[in-house]
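Q: Structure incoming, see below.
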Amino acid sequence: QKALIETIAMDEAVRIADKMTSEEDTLLLVTADHAHVFTISGYPGRGNPILGIAGTSPIDGLPFNTLSYANGPGFRPPDVNGHRHDVTNDNFTNKDYQQPAGVPLSSETHGGDDVIIYSRGPFSHLLTGVVNQCFIPHVISYASCTGYGAKYCDIL
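Numbering (this note's numbering), first residue to last: 74 to 229.
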């Protein structure tokens, strides 16, 4: 739940930055420096509570959360009979609730996924498709005429 609250705050910050700047003269970039091992499990129906149960496993008959991590502090060991934790009575709305994790670690780790970069403004066309992360600062430097290497100002 805390990550979702932070995502909403980030969305609001981007909305304000977009409103305060002009697409004509401001390159606005929104990205991340890494992914996380966080996923939506199964095929939850439209309108399914994002913090709730996604479905029931046909193999063990137990429900599973919509959101989960590959690793982290939300790991729950099997019960004495070797069965996984039944999330039916978990308090998903508790702000300190930890989504289930497959591997026990004290904190969740970064993932290897590509991260999205949204951009608008001058030279945003240079950031389309998949780009190597180390290319992004070069675009910023080029567009803002700062730093080392080629700069837009050099060709004016």
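C-beta atoms are modelled at their ideal positions from N, C-alpha and C, and glycine is treated no differently.
Bear in mind that the values here come from a model prediction, so they are computed numbers and not experimental data.
Let me know the secondary structure DSSP gives residue 112 once reduced to three states.
A: Position 39 of the sequence shown holds residue 112. In the structure shown, residue 112 sits in a strand (DSSP, three-state: E or B).
Q: Which same chain residues, not among the five before or five after residue 150, have their C-beta less than 6 Å away from its C-beta?
A: Mapped onto the sequence shown, residue 150 falls at position 77. So no residue of the chain qualifies.
Q: How big is the Cα-Cα spacing for residue 220 and residue 207?
A: As a first step, residue 220 must be located in the sequence shown, where it is residue number 147. As a first step, residue 207 must be located in the sequence shown, where it is residue number 134. Their backbone Cα atoms lie some 14 Å apart in a straight line.
Q: Which residue's Cα is closest to the Cα of residue 143: 171, 99, 229?
A: Here residue 143 refers to the residue found at position 70 when the sequence shown is read from its first residue. It is 171 whose Cα lies nearest to the Cα of residue 143.
Q: If you reduce the DSSP assignment to three classes, tell me which class residue 160 lands in.
A: The residue labelled residue 160 in the question sits at position 87 within the sequence shown. Helix at residue 160.
Q: Taking all protein chains shown into account, decide if residue 85 is buried (16 or more other Cβ within 10 angstroms of its Cβ) or exposed.
A: Start at 1 with the first residue of the sequence shown, and residue 85 comes out as number 12. Classification for residue 85: exposed.
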